[in-house]
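Trainee:
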Amino acid sequence: MVSGVLATAECALRVANCGLRMGRHILLLGPPGSGKGTQADLLCKALGIPHISTGVMLRDHVARGTDLGQRAKAIMDAGDLVSDEIVVGMVRERLAEPDAACGYLLDGFPRTLAQAEALDAVVGTDALDAIVVLEVAESELVARALARGRSDDTAETVANRFAVYRGQTEPLIEFYRTTGREVVAVDGVGAVTEVLSRIVTVLAS
Ligand code: ADP
637 MVSGVLATAE
647 CALRVANCGL
657 RMGRHILLLG
667 PPGSGKGTQA
677 DLLCKALGIP
687 HISTGVMLRD
697 HVARGTDLGQ
707 RAKAIMDAGD
717 LVSDEIVVGM
727 VRERLAEPDA
737 ACGYLLDGFP
747 RTLAQAEALD
757 AVVGTDALDA
767 IVVLEVAESE
777 LVARALARGR
787 SDDTAETVAN
797 RFAVYRGQTE
807 PLIEFYRTTG
817 REVVAVDGVG
827 AVTEVLSRIV
837 TVLAS
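In this text, residue positions in the sequence shown follow the numbering used here: the first is 637, and each later residue adds one.
Here you go:
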């Protein structure tokens with residue numbers, strides 16, 4: 637436990653030290669349950685950039701019972717995607733906040749080709765410094781998701797989220813590659829700090 641905490645601190649310091657050389661406009665892709673949220677949090681704290689997670693933003697709307705939240709809840713509980721229009725609007729507004737001026741990490745967005753194209757239209761096709769995809773085998777992901785116990789984590793929803801990921805989000809890797817942007821795959825299996833240091837290595841290179 638203590639060594640885990642120390643390793644995290646050490647790694648965070650390393651991120652901070654090389655932060656100046658690192659691009660700070662980061663897109664983290666990966667299947668549901670791949671640990672994107674955890675890694676995104678750690679990276680954002682270390683780099684001092686905002687963590688822009690459409691999943692977190694949408695769950696916040698649901699918790700606050702906003703109109704948007706009420707419309708999104710059933711869709712999220714089924715593991716389907718909320719409309720591009722809604723999430724693009726949310727992200728566009730978030731990116732216009734002053735704290736996003738020097739960088740950001742996008743987590744869970746874009747999830748469809750239309751969202752990726754909308755992002756390009758908002759920030760430009762050369763805005764992203766790094767596109768990282770966390771890779772984890774599906775059997776491991778199912779086990780992780782069911783252990784998490786969120787209201788949208790039933791076996792059926794989890795299976796649907798995978799199907800949606802494979803069908804709609806995974807093709808973004810090809811989209812970015814064919815439009816001349818590098819996508820780097822990182823092995824997402826291992827301790828949180830191990831995976832973090834793999835991502836840091838990629839970002840610093
Ligand atoms: P997970 O980490 O399980 O993949 P998220 O926390 O990113 O899920 O998102 C939870 C749910 O919120 C998704 O299943 C989906 O219904 C909705 N959602 C989040 N981001 C988007 C997006 N970019 N486009 C459409 N729906 C989204």
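Beta carbons are placed, not taken as given, at the ideal position from N, Cα and C, and that holds for glycine. Computed from a prediction, not measured in an experiment: that's the story for all the values here.
For the region 748-803, list the alpha helix (DSSP H) runs that are entirely contained and at least 4 residues long, ordered along the chain.
Mentor: Segments of the alpha helix (DSSP H) lying fully in the region 748-803: 749-759, 774-784, 791-800.
Trainee: Rounded to whole angstroms, what is the Cα-Cα separation between ARG780 and ALA766?
Mentor: Taking the sequence shown and counting its residues from 1, one reaches residue 780 at position 144. Taking the sequence shown and counting its residues from 1, one reaches residue 766 at position 130. Roughly 26 Å separates the two Cα atoms.
Trainee: What do you reckon, are the CB atoms on PRO686 and ALA736 nearer than 8 Å?
Mentor: Along the sequence shown, one-based indexing puts residue 686 at 50. Along the sequence shown, one-based indexing puts residue 736 at 100. Yes.
Trainee: Pull up the CB-CB distance for ASP788 and ASP720, whole angstroms please, since I reckon it's below 8 Å.
Mentor: The residue given as residue 788 occupies position 152 in the sequence shown. The residue given as residue 720 occupies position 84 in the sequence shown. About 19 Å separates the two Cβ atoms, so there is no contact after all.
Trainee: The ligand ADP and THR690: does the residue's C-beta get closer than 7 Å to at least one heavy atom of that ligand?
Mentor: In the sequence shown, residue 690 corresponds to position 54, counting from 1. Yes, the Cβ of THR690 comes within 7 Å of a heavy atom of the ligand ADP.
Trainee: On a CA-only basis, which of ALA676, GLY691, THR690 is nearest GLY684? Give me that one, please.
Mentor: Here residue 684 refers to the residue found at position 48 of the sequence shown. Of the listed residues, the one whose Cα sits closest to GLY684 is ALA676.
Trainee: Thinking C-alpha only, which one of VAL819, THR690, ALA821 is nearest VAL724?
Mentor: One-based indexing of the sequence shown puts residue 724 at position 88. With distances taken between Cα atoms, VAL724 lies closest to THR690.
Trainee: Where ILE711 and TYR740 are concerned, what is the direct C-alpha to C-alpha distance, given to the nearest angstrom?
Mentor: Along the sequence shown, one-based indexing puts residue 711 at 75. Along the sequence shown, one-based indexing puts residue 740 at 104. Cα-Cα distance, rounded: 27 Å.
Trainee: By the 10 Å Cβ neighbour count, where 16 or more other Cβ atoms means buried, how is LEU717 classified, buried or exposed?
Mentor: Along the sequence shown, one-based indexing puts residue 717 at 81. That one is buried.
Trainee: Counting Cβ pairs closer than 8 Å, one from the region 769-780 and one from the region 663-675, do we hit at least three?
Mentor: Counting Cβ pairs under 8 Å, three or more are found: they touch.
Trainee: Is the beta carbon of ARG797 closer than 8 Å to that of GLY744?
Mentor: Here residue 744 refers to the residue found at position 108 of the sequence shown. Here residue 797 refers to the residue found at position 161 of the sequence shown. For GLY744 and ARG797, no; Cβs fall outside 8 Å.
Trainee: For PRO734, verify whether its CB is less than 7 Å away from any heavy atom of the ligand ADP.
Mentor: One-based indexing of the sequence shown puts residue 734 at position 98. False, no ligand heavy atom lies under 7 Å from that Cβ.
Trainee: Say the cut is 7 Å; is the CB of PRO869 nearer than that to a heavy atom of the ligand ADP?
Mentor: Nothing about residue 869 can be read from this structure; the chain reaches only from 637 to 841.
Trainee: Helix, strand or coil for ILE685 per DSSP?
Mentor: Here residue 685 refers to the residue found at position 49 of the sequence shown. ILE685: coil per DSSP, three-state reduction.
Trainee: Which of helix, strand or coil does DSSP assign to LEU717?
Mentor: For the purposes of this step, residue 717 is taken as the residue at position 81 of the sequence shown. In the structure shown, LEU717 sits in coil (DSSP, three-state: anything other than H, G, I, E or B).
Trainee: Could you tell me whether the Cβ atoms of LEU808 and LEU749 are closer together than 8 Å?
Mentor: Your numbering for residue 808 matches position 172 in the sequence shown. Your numbering for residue 749 matches position 113 in the sequence shown. Taking 8 Å as the Cβ cut-off, LEU808 and LEU749 qualify as a contacting pair.
Trainee: So what's VAL819 in DSSP terms, helix, strand or just coil?
Mentor: Within the sequence shown, residue 819 is the residue found at index 183, counting from 1. The answer is strand: DSSP assigns VAL819 an E or B state.
Trainee: Taking 8 Å as the threshold (C-beta atoms), are LEU770 and GLY824 in contact?
Mentor: By 1-based counting over the sequence shown, the position of residue 824 is 188. By 1-based counting over the sequence shown, the position of residue 770 is 134. Yes, the pair counts as a contact, with Cβ atoms nearer than the cut-off.
Trainee: Can you give the Cα-Cα distance for GLN706 and SER841, rounded to whole angstroms?
Mentor: In the sequence shown, the residue the question calls residue 706 occupies position 70. In the sequence shown, the residue the question calls residue 841 occupies position 205. The alpha-carbon atoms of GLN706 and SER841 are separated by roughly 43 Å.
Trainee: Drop a sphere of 10 angstroms on the beta-carbon of LEU664, count the other beta-carbons inside from all chains shown, and report buried for 16 or more, exposed for fewer.
Mentor: The residue given as residue 664 occupies position 28 in the sequence shown. Buried: at least 16 other Cβ atoms inside 10 Å.
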